[in-house]
Amino acid sequence: KAVAGEAGTPFFSCAASEFVELFVGVGASRVRDLFEKAKAKAPCIIFIDEIDALCSSRGEGESEAARRIKTEFLVQMQGVGHGDDKKRVLMLGATNLPYSLDQAVRRRFDKRIHIPLPEAPARASMFRIHLGDTPNALTQREFDDLGERTKGFSGSDVAIVVKDVLMQPVRKTQDATHFKKVQEGGKVMLEPCSAGEPGAFPATLQSLADKGQAQLVHPPKITFRDFEKVLLRARPTVSQDDLETYKKFTTEFGEEG
Numbered sequence: 001k002a003v004a005g006e007a008g009t010p011f012f013s014c015a016a017s018e019f020v021e022l023f024v025g026v027g028a029s030r031v032r033d034l035f036e037k038a039k040a041k042a043p044c045i046i047f048i049d050e051i052d053a054l055c056s057s058r059g060e061g062e063s064e065a066a067r068r069i070k071t072e073f074l075v076q077m078q079g080v081g082h083g084d085d086k087k088r089v090l091m092l093g094a095t096n097l098p099y100s101l102d103q104a105v106r107r108r109f110d111k112r113i114h115i116p117l118p119e120a121p122a123r124a125s126m127f128r129i130h131l132g133d134t135p136n137a138l139t140q141r142e143f144d145d146l147g148e149r150t151k152g153f154s155g156s157d158v159a160i161v162v163k164d165v166l167m168q169p170v171r172k173t174q175d176a177t178h179f180k181k182v183q184e185g186g187k188v189m190l191e192p193c194s195a196g197e198p199g200a201f202p203a204t205l206q207s208l209a210d211k212g213q214a215q216l217v218h219p220p221k222i223t224f225r226d227f228e229k230v231l232l233r234a235r236p237t238v239s240q241d242d243l244e245t246y247k248k249f250t251t252e253f254g255e256e257g
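Residue numbers for the sequence shown follow UniProt numbering, so the first one is 1 and each next one is one higher.
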């Protein structure tokens with residue numbers, strides 16, 4: 001998507017699973033339709049995620065539907081990436097299982113680029129991006145700290161951590177035994193807090209709802225402590241064996257990104 005944004009061209013994104021069908025011919029026709037739409041919008045970019053699921057190595061147990069999809073994909077790829085720049089279609093694919101790709105499909109891609117795991121500064125930016133406009137009390141230094149603490153995490157791992165963190169204010173509100181009054185947008189709201197905080201009074205979400213005050217409840221901002229709690233149980237999903245496999249494949253067939 002970033003590539004399409006830089007190039008200012010239309011972007012077609014899909015997962016390989018969208019082409020897999022039980023009925024022979026349906027998946028192949030979807031592949032054909034995708035490329036026809038792309039050619040009509042050329043120059044443009046097609047991106048297929050988890051392309052190994054669509055174009056894995058051929059074997060004896062392969063279904064007729066899968067074989068037709070792969071054949072159609074190979075045929076369509078012959079007609080893209082060449083000729084007039086104004087009519088060119090750039091084909092991108094992503095996979096975590098490079099050795100699973102069919103050899104013929106692999107050869108169709110002029111470039112096979114290994115995108116390494118994000119480094120600390122990139123991870124820090126990802127945390128900020130995934131939080132978006134969600135109210136939080138994190139400083140830039142704390143975002144940088146999160147980047148340093150998550151060595152080996154992929155972009156997907158970071159997204160999962162943030163997704164869990166986004167639930168922390170909800171959990172705090174549901175489990176709260178005390179609330180305090182806060183000013184938010186010129187209105188007096190009720191925010192969950194600890195019993196020892198100034199202005200704290202005993203209450204639960206249910207008791208406030210019984211009094212008709214549920215609409216006044218304001219979830220607390222996300223804090224660095226929320227991230228610390230989630231990171232205690234978070235683990236990177238990319239193993240050292242995976243990294244060695246990617247390194248080996250890059251040495252044999254690709255290049256570093």
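Built from N, CA and C at the ideal position, the CB exists for glycine as well.
From E252 to A94, what does the alpha carbon distance come to, in whole angstroms? Those two C-alpha atoms are separated by around 18 Å.
Mark S154 as exposed unless 16 or more other C-beta atoms lie within 10 angstroms of its C-beta, in which case mark it buried. Counting Cβ neighbours within 10 Å, S154 comes out buried, since at least 16 surround it.
For a quick check, are the C-beta atoms of K229 and A137 less than 7 Å apart? For K229 and A137, no; Cβs fall outside 7 Å.
Give the single residue among S29, F47, A104 and T173 whose Cα lies nearest to the Cα of P192. Among S29, F47, A104 and T173, the Cα nearest to that of P192 belongs to T173.
Could you tell me which residues DSSP pairs with F11 in its beta bridges? Partner(s): I45.
Based on Cα-Cα distance, which residue from K187, N96, E197 and D144 lies nearest to D242? Of the residues K187, N96, E197 and D144, the one whose Cα lies closest to the Cα of D242 is N96.
Rank L208, A38, A122 and V238 by C-alpha distance to the C-alpha of A176 and give the top, closest one. A176 has its Cα closest to that of L208, out of L208, A38, A122 and V238.
When the Cα atoms are used, what is the spatial distance from H247 to H218? Inspection of the sequence shows that residue 247 is occupied by Lys rather than by His. Our two residues, K247 and H218, have alpha carbons roughly 48 Å apart in a direct line.
Decide if T237 is buried, meaning its Cβ has at least 16 other Cβ atoms within 10 Å, or exposed. Exposed, since its Cβ has fewer than 16 Cβ neighbours within 10 Å.
Three-state secondary structure (DSSP) of H218: In the three-state scheme derived from DSSP, where H, G and I count as helix and E and B as strand, H218 is classed as coil.
Measure the alpha-carbon distance for L101 versus L74 and round it to whole angstroms. Whole-angstrom Cα-Cα distance: 12 Å.
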